[in-house]
Every structure is written in C-alpha cells, then in structure tokens.
Amino acid sequence: MNIANETLETSIDAAKLTAFVSKAQSAYKLYKTAAMESAANCYLLWHFAASEAAEDFARAWFASQLDDYNAEVDRFNNALPDLEARVAAYLAGDSKDISAEEFAKIEDYLGYSKEDWDKAAKLKAEAREGASPFTVVVKFVFSFARASDASNVSRYAKVLEYIDQHRDQLDSMTEDAIVALLKKAGGFEAALDIARGNDPNAAKTDGGNDTENGNADNEAKRDAKVAAIKKAIDLTEPLDTIDYDAKFARDGYVFMVGHKQNDKVSMIGELDVSANEAKALVLKVDTEALAGLDPMSEFVAKVCEISSLVREGKSSIYTVDGSSSGEKHKVTRAFALCDDERGTHLHVSGRYTDTSAVIVARPAKGINIGQLSEPGRFLMLPTERGSDDNVTKTGKDLIKQLGSIGDRVMFGMEAVDDIDTLIWQVVPNDKPLEDCAIDPRFVWQRMANHKHLPVGIDEFTSKACGTLSKAKVQEVHEDYVCKWAKAKEDEKKTFLPIIVSSDGRTLTFEHDKHKTFTISHGSNLGPVVTVLMRPRDIADLFALLAEQNATDFVLSIDPKGLFHVGWYDKYGEYRVYLPTLNDKGVVKDRCLTTLTPAC
20 MNIANETLET SIDAAKLTAF VSKAQSAYKL YKTAAMESAA NCYLLWHFAA
70 SEAAEDFARA WFASQLDDYN AEVDRFNNAL PDLEARVAAY LAGDSKDISA
120 EEFAKIEDYL GYSKEDWDKA AKLKAEAREG ASPFTVVVKF VFSFARASDA
170 SNVSRYAKVL EYIDQHRDQL DSMTEDAIVA LLKKAGGFEA ALDIARGNDP
220 NAAKTDGGND TENGNADNEA KRDAKVAAIK KAIDLTEPLD TIDYDAKFAR
270 DGYVFMVGHK QNDKVSMIGE LDVSANEAKA LVLKVDTEAL AGLDPMSEFV
320 AKVCEISSLV REGKSSIYTV DGSSSGEKHK VTRAFALCDD ERGTHLHVSG
370 RYTDTSAVIV ARPAKGINIG QLSEPGRFLM LPTERGSDDN VTKTGKDLIK
420 QLGSIGDRVM FGMEAVDDID TLIWQVVPND KPLEDCAIDP RFVWQRMANH
470 KHLPVGIDEF TSKACGTLSK AKVQEVHEDY VCKWAKAKED EKKTFLPIIV
520 SSDGRTLTFE HDKHKTFTIS HGSNLGPVVT VLMRPRDIAD LFALLAEQNA
570 TDFVLSIDPK GLFHVGWYDK YGEYRVYLPT LNDKGVVKDR CLTTLTPAC
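Written as structure tokens, this is what we have:
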C-alpha cells in the first residue's frame, strides 16, 4: 500500500480534524515568530558589526567575513564552466567510471537547461548606490545569492529599516526587545507594510484577525492630529501667495513639488495625492512653519533631535557590579539640567563613558524649562529602568514622546517645581494642569545621587573660529559629505580620519580616500589649526545642520581635542562639541571631564 492510500484509508474523526487545525496554526505561528527572530538577529549583527555604533574590532570582523563570503561566490562562479562541462560529459555517457564523490557534486545540476545555467551564477553580498543600508547584511546573513532572491532581500531589508527607525522604542538592544517591537507593530508582515509606506491601520494582528475597533480608534487619533496641525497651519502667515488654479486640492490644501536651485525654490506643480496620502503629508510639515505650537515642547524636541550625535550602545569600560569581570554597562545618552551664570540649560552627553559628544542647549527668552532648587544642584533623567517598572520615564521615553509633530501638536509641556526635584509634565490640549495626574511626566533626579555621571566639558579654548551660512552648510553636506558617502565602496576606509583644518578664512576637509574640499567661513586670517575627526561624526553633524532653521552657524576648534558648532533658532540656542582623534585614531578626552554637580 502506498502512502497516498494509507492517508486515504486513515480513520478520521473530529479530534483529528481539530488536530490538523491546531498543528497548522502552531506551524504558522512558529513561522511568523521565526521570521521576527531572524530579522531581530540580522539587525543585531548590523548594529554591533556594521553600524556607526559598532566597535572597530567588530567592523573589522564583519568586513573579513564579507570578504570571505564574496571570495567564495567568485570561486563558485569561476568554477561554473567546468561544472557545466562535467555535467554535459556525464549526460553524454563520456564519464562511465565517475566516482560517488564526483556524482554527488554534479547530481543537483543534471536536470539543468541552458536557461538554468545562464542563471546559475551567484551574486555577491553587495549593494548598488542608493540601496537600503541593510542590503549587504541581509544578503550575507541569509545567503541570498540568486537574482530570484531579490524580493526576499527587499522584504528583510525593509523590516530592518523599520526596526532602525523605531530603535528608540527598544528597552535594550536584544533579540527579545526587537521581537517585542515587531509584535507591537503587528508582526513581520505588518512592520514590512509600515516600512513600505502602506497604511498601518490596514495591518492584521499575529493571529490573522482584523483589528477593526483598534483601527477605528487609531484612525480617529490620526484624524485628530491632522486636524490640530491644520489648525496650526491656518494660524500661520504664508511664505507667499500665488495665482494658481489648483486641480488636486484636498480639503482646501494643495501639495506641490519644487526644485531647489541654490537658495531659491522653483515650484513645478501639484501632487495628485489620495486623501490618505494627504493626511500623511500634513503630518510631515516642518514645525518651523507652524504657529501656535508649544514652545517648551518644540525646544526640547529640537534638543532630542540633536542628541542623536551622542552615540550609545557600545560596551562601557564600567561594570554593573564594579568588579573587573562583571557585566559591562552600555554607553547611553543622558539628559541633564544644569545651571551657570546664564541660567538653567539642558545638557546631553554620554554616560558610562569618558568620551562623547556634548550638547548644551539654552531655551529662548520666555520658555521655562524649570529652575534648580540650588545653584549647582544638577538634575538628570534616569537612563534606564527595571524590566517590571512601567512608571519611570527615561531619556529614551522623552525622545519617543517628542519625536513626532503629529504627537506634539496634541499637547504642551510645563515645568513643575516639586520637593527637591523638578517635573516636566505633559499637558494635553484643553486640559488643566491639575487634571494631568495620569498623563506622562518626567521626574528629574538629583545627579549627585548617581554613581556614574555624564560627560562634560572641562575646558574649551578656541584657536580658530569662523561662520558658515545655511547655504554653505548645505554645500558641505551636498557637495562633499553626501558624495563621499556614495563614493565609498570599501567600508574599511571609514577607519581613516578626516583632517579638518581652518586658518580663520577657509575650512578644509581632507581624506586619504576622497577629495579635498575647501569652503570660506571667515575674514580673519590666522594660524592654521588642524584636528582629526571620525568621518561618521562629520557626516552626521552636517546632515543635521543642513536641516536646522538657522541663518548662520559658528564653527570653532580647540586643537587640544574639540570641534564646536553653535547656532540658534526661535526656540533656543544650541552648542555641539565633538571630540577629535589623536594620531592613532583614538578619541581624545583631554578637554572632557565628568559633569560634576556642586551639591
């Protein structure tokens, strides 16, 4: 009796039918979980071995593994003509005495047609210009080496993009935390849909059931955010008014595409967008253009945006238990409130490290971020919380709270003095402060009560200073940094520093693997001051500066170890200090110290 007959003759009852359903569901759930787990581990590899947070040894390890992988692809492709000839000889009967070992090597190719042989060559783990930054790691991890794997490469790369875009929501950089993030999105497929720009409300739950009530609630919340932004738009003075017969207006709003030419924009025409696309575009409007937004929220949101320059995630030199062999802390971003002769200001830098970028931000006149109870009594937001703690709000929570204009437009923030501390209270629109007990609040803690304190500035003595206009900052970004990033084919070259020099009149960037770029930034000629910088620091800095709503940026250099940029907008004044490198490529800490409160 063959297997088919055995199957047909098996007695069937309700229990067995139920078992079929149960096993199918279990296998499906395992498949979905496996997809999330594989994406999580692929992202972890990228984060710890290929991202900006990766340590040098990890980047070198990954580069070596990638070289080995691509070398094996070359060996396979170079051997294909010989393999095809051996298969043809066997099929023609010319290889009667073939060994078992040789047969095992050619067995899978015996049925190949000419078309199959044409497609047999493998592809290296490489990416074309403009591809997802995760393309290479996805190809490498999953051995996606065939042209037919393109859709799978795209799917996994998009999900990794989703994880990266929401990494600030991760409590830890672990598989469990990333899987939890994907589950919150609705699973692997839902995260893929969101990353591709599809309506997240159309996603299904992991069990495959429609979440109609949840979708309706989410849509209502989204509509409320859109309405609030439109209200702010209606209160805003227009940049200009033109005579134009709009064809694709949506609810009285027109969406247009323009072309940037130097410091001018040429309006080309309208976008024919759907109602849903129109809502999505409204949620992306530049906050600088809007009137009626909460000034404190916008100031703190700007600081959160700039704080991305403070790198975190690397293993610290400090251990949790203080022993030399204990579990190491991870370098993390710390938000602090400090004061000096100019008043209270917001300070962001690395914690559990001796070197990091330092950000000092002062609110504009009239924006109250709170006062310290005593001079020098610095405060700090918690940088972590226990796994069972759902109350404590950390710096990561602050970034998440203020990350979207669609969220910020629905609330304001107020600084509330409390006994021995300060609270930043989120206050929803049209809700009295006294009724906000259950709304998010950020409780600042005395810095002196913490063992490990953030990095601060010990000294800064400018030896070269100049000013870059917004247009020149964008020129550096577009004509140098972006082209350098696109041109680099060998990831190893990022280990080489960029030489930054200034003579008071010109600012020059030099790199061994890329061209020299010079731009004027002052009129007072002086001695040449030179520092070494990490390429990724320069790239991230100018990408961020190019998006700021500022007219000018003041650049200054302390050759002992700091590169400084300062600017201001209507919400505040911002200063960024980036540590430079020594001759061996190690980050200097000479101008840095521990941020130490007076009490």
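Letter by letter, the sequence shown follows residues 20 to 618 in the working numbering. Even for Gly, the Cβ is constructed at its ideal location relative to N, Cα and C. Every value quoted in this text rests on a predicted model; they were computed, and no experiment measured them.
What's the C-alpha gap between His496 and Pro459?
Looking up residue 496 in the sequence shown gives position 477. Looking up residue 459 in the sequence shown gives position 440. So the alpha carbons of these two residues sit roughly 37 angstroms apart.
Would you report the Cα separation of Val605 and Arg404, rounded to the nearest angstrom?
By 1-based counting over the sequence shown, the position of residue 605 is 586. By 1-based counting over the sequence shown, the position of residue 404 is 385. Going by C-alpha positions, Val605 is about 32 angstroms away from Arg404.
Tell me the rounded alpha-carbon separation between Gly485 and Asn97.
Position 466 of the sequence shown, counting from 1, holds the residue named residue 485. Position 78 of the sequence shown, counting from 1, holds the residue named residue 97. Spanning the two alpha carbons is a distance of roughly 56 angstroms.
Beta-carbon proximity check, Pro546 vs Phe397, cutoff 8 angstroms:
Your numbering for residue 546 matches position 527 in the sequence shown. Your numbering for residue 397 matches position 378 in the sequence shown. No, Cβ-Cβ distance for Pro546 and Phe397 is not below 8 angstroms.
Identify, in the order they occur along the chain, each residue of the same chain with its Cβ nearer than 7 angstroms to the Cβ of Leu300, setting aside the five sequence neighbours on each side.
Within the sequence shown, numbered from 1, the residue matching residue 300 stands at position 281. Hits under 7 angstroms: Phe274, Val292.
Per DSSP, what are the beta-bridge partners of Val292 in this structure?
One-based indexing of the sequence shown puts residue 292 at position 273. In DSSP, Val292 forms no bridge with anything.
Could you tell me which uninterrupted beta strand (DSSP E) segments, each at least 3 residues in length, are contained entirely in the region 332-369, listed from first to last along the chain?
Listed in chain order, the complete beta strand (DSSP E) runs (minimum 3 residues) inside the region 332-369 are 334-338, 347-349, 351-359.
From Tyr337 to His348, what distance separates their C-alpha atoms?
Position 318 of the sequence shown, counted from the start, is the residue given in the question as residue 337. Position 329 of the sequence shown, counted from the start, is the residue given in the question as residue 348. Within the model, the alpha-carbon separation for Tyr337 versus His348 is close to 6 angstroms.
Which same chain residues, not among the five before or five after Gly227, have their C-beta less than 6 angstroms away from its C-beta?
Along the sequence shown, one-based indexing puts residue 227 at 208. Model confidence at Gly227 stands at a pLDDT of 43, short of 50, so the residue's coordinates are unreliable; what they give is reported in the following sentence. So the list is empty, once near-sequence residues are dropped.
From Pro516 to Met552, what does the alpha carbon distance come to, in whole angstroms?
As a position in the sequence shown, residue 516 is number 497, starting the count at 1. As a position in the sequence shown, residue 552 is number 533, starting the count at 1. When rounded, the separation of the alpha-carbon atoms in Pro516 and Met552 is 5 angstroms.
Going by the CB atoms, is the gap between Leu421 and Ala320 shorter than 8 angstroms?
If you number the sequence shown from 1, residue 320 lands on position 301. If you number the sequence shown from 1, residue 421 lands on position 402. With contacts defined as CB atoms closer than 8 angstroms, Ala320 and Leu421 qualify as a contacting pair.
Could you tell me the boundaries of the alpha helix (DSSP H) in which Thr315 lies?
Mapped onto the sequence shown, residue 315 falls at position 296. In the sequence on display, residue 315 carries Met and not Thr. For Met315, the enclosing alpha helix (DSSP H) has its first and last residue at 314-325.
Around the C-beta of Cys61, are 16 or more other C-beta atoms found within 10 angstroms, so that it is buried, or is it exposed?
Locating residue 61 in the sequence shown gives position 42, counting from the first residue. Burial check for Cys61: the Cβ neighbour count within 10 Å reaches 16 or more, so the residue is buried.
Rounded separation between Ala221 and Glu238 - CA only:
Position 202 of the sequence shown, counting from 1, holds the residue named residue 221. Position 219 of the sequence shown, counting from 1, holds the residue named residue 238. Confidence in Ala221 is poor, its pLDDT being 47 and thus under 50, which makes the residue's placement unreliable; the coordinate value appears in the next sentence. For Ala221 and Glu238, the distance between alpha carbons rounds to 10 angstroms.
Using CA atoms only, rank isn't needed, just tell me which of Thr413, Phe122, Ser481 is closest to Ser520.
Start at 1 with the first residue of the sequence shown, and residue 520 comes out as number 501. Relative to Ser520, the option among Thr413, Phe122, Ser481 whose CA is nearest is Ser481.
Please name the residue, chosen from Asp602, Met429, Arg330, Ala169, that lies closest to Leu302 on a Cα-to-Cα basis.
Position 283 of the sequence shown, counting from 1, holds the residue named residue 302. For the residues Asp602, Met429, Arg330, Ala169, the minimum Cα distance to Leu302 belongs to Met429.
Beta-carbon proximity list for Thr612, same chain, < 6 angstroms, skipping 5 on both sides
Counting from one through the sequence shown, the residue named residue 612 turns up at place 593. Closer than 6 angstroms at the Cβ level, and outside the excluded window around Thr612, lie Gly475, Asp477.
Quick check on DSSP: helix, strand or coil for Cys618?
Reading the sequence shown from its first residue, position 599 is the one you call residue 618. In the structure shown, Cys618 falls within a coil segment according to DSSP collapsed to helix, strand and coil.
Reduced DSSP secondary structure (H/G/I, E/B, other) of Ala434
Residue mapping note: residue 434 aligns to position 415 of the sequence shown, counting from 1. Correct three-state label for Ala434: strand.
For Met399 versus Ala353, is the C-beta distance shorter than 8 angstroms?
Start at 1 with the first residue of the sequence shown, and residue 399 comes out as number 380. Start at 1 with the first residue of the sequence shown, and residue 353 comes out as number 334. Cβ distance < 8 angstroms, so Met399 and Ala353 count as in contact.
Since Ala703 contacts Lys589 with CB under 8 angstroms, what's their CB separation in whole angstroms?
Outside the displayed span of the chain (20 to 618) sits residue 703, for which this structure offers no information.
Measure the C-alpha to C-alpha separation of Lys223 and Leu211 and round it to an integer number of angstroms.
Your numbering for residue 223 matches position 204 in the sequence shown. Your numbering for residue 211 matches position 192 in the sequence shown. Any answer about Lys223 is weak, because its pLDDT of 42 lies below 50 and its placement is not dependable; what the coordinates show is given next. Taking the straight line from one Cα to the other gives about 12 angstroms.
Got a sec, what are the start and stop residues for the beta strand (DSSP E) Phe536 sits in?
The residue you call residue 536 lines up with position 517 of the sequence shown. Element bounds for Phe536: 533-539.
Please name the residue, chosen from Ile538, Thr599, Gly585, that lies closest to Tyr593 on a Cα-to-Cα basis.
Numbered from its first residue, the sequence shown carries residue 593 at position 574. For Tyr593, the nearest C-alpha among the options comes from Gly585.
Smallest Cα separation from Thr363: which of Asp87, Arg370, Leu142, Ser392?
As a working mapping, residue 363 is identified with position 344 in the sequence shown. Of the listed residues, the one whose Cα sits closest to Thr363 is Ser392.
So, does the region 57-71 touch the region 190-197, judging by three or more C-beta pairs under 8 angstroms?
The region 57-71, when compared against the region 190-197, does touch it at the 8 angstroms Cβ threshold.
Collapsed DSSP secondary structure at Phe528 in the structure displayed:
The residue given as residue 528 occupies position 509 in the sequence shown. Of the three classes helix, strand and coil, the one that applies to Phe528 here is strand, per DSSP.
Can you tell me the Cα-Cα spacing of Cys610 and Gly580, whole angstroms?
For the purposes of this step, residue 610 is taken as the residue at position 591 of the sequence shown. For the purposes of this step, residue 580 is taken as the residue at position 561 of the sequence shown. Approximately 6 angstroms, taken between the alpha carbons.
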